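Take the first sequence: its position 54, counted from the start at 1, is 54 in the UniProt record's numbering, and no numbers get skipped. All C-beta atoms, glycine included, are put in the ideal place defined by N, C-alpha and C. As the structure is a computational prediction, the values presented were derived from the model and not from experiment. Here's the structure, in structure tokens; my notes come after.
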Amino acid sequence: MRIGELARRTGTTERALRYYEEQDLLRPARRPSGYREYVETDVRTVRNIRTLLAAGLNTVTIGEVLPCMVTDGEALVPACPELSTVLLQDRERLTEAIDDLQAARRVLDAIIAGAGSPAARRVDACQPA
DNA sequence: GTTCTAACA
DNA sequence: TGTTAGAA
Numbered sequence: 001m002r003i004g005e006l007a008r009r010t011g012t013t014e015r016a017l018r019y020y021e022e023q024d025l026l027r028p029a030r031r032p033s034g035y036r037e038y039v040e041t042d043v044r045t046v047r048n049i050r051t052l053l054a055a056g057l058n059t060v061t062i063g064e065v066l067p068c069m070v071t072d073g074e075a076l077v078p079a080c081p082e083l084s085t086v087l088l089q090d091r092e093r094l095t096e097a098i099d100d101l102q103a104a105r106r107v108l109d110a111i112i113a114g115a116g117s118p119a120a121r122r123v124d125a126c127q128p129a
């Protein structure tokens, strides 16, 4: 099938599919015309890629993990034992990212709270934006 | 009408 | 990632 059909059947865009190929997540063959030719199993692969992307994994990690994943109906299930460590490591990365964002929010909250102080009365210093 | 590559107010 | 231009 060509890129348009795969995009339709996976709820993605052609742009995304070309990007996945660029990241070596998909290896579609080429027709003499230059058009990409996808196989039936690519439908499932693309769905798995999207699930992993939604889990916050980057394309490099997805490339490593993808071949070790088997789908059980709707669920993606790890098929290799070493996989759990990679996934747990990524979970830590997400936890750190969350901590950083929470710290940023605390700083912003402090600034917002300052809006009520006397120093905030210098309206002449405010630019219309 | 569909896809391709390349590039970015 | 969206979008678009220009070509096949």
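| query | result |
| --- | --- |
| Exposure of V46, with buried meaning 16 or more beta-carbon neighbours within 10 Å | buried |
| R30 versus E14 - alpha carbon distance | 15 Å |
| Straight-line Cα distance separating P118 from L26 | 60 Å |
| R44 beta carbon less than 8 Å from that of T71 | yes |
| Residue of P32, L76, N58, A110 minimising C-alpha distance to Y20 | N58 |
| Counted within 10 angstroms of its Cβ, other Cβ atoms place Y38 as buried (16 or more) or exposed | buried |
| Residues of its chain near L52, where Cβ-Cβ distance is below 6 Å and the 5 sequence neighbours each way are ignored | I62 |
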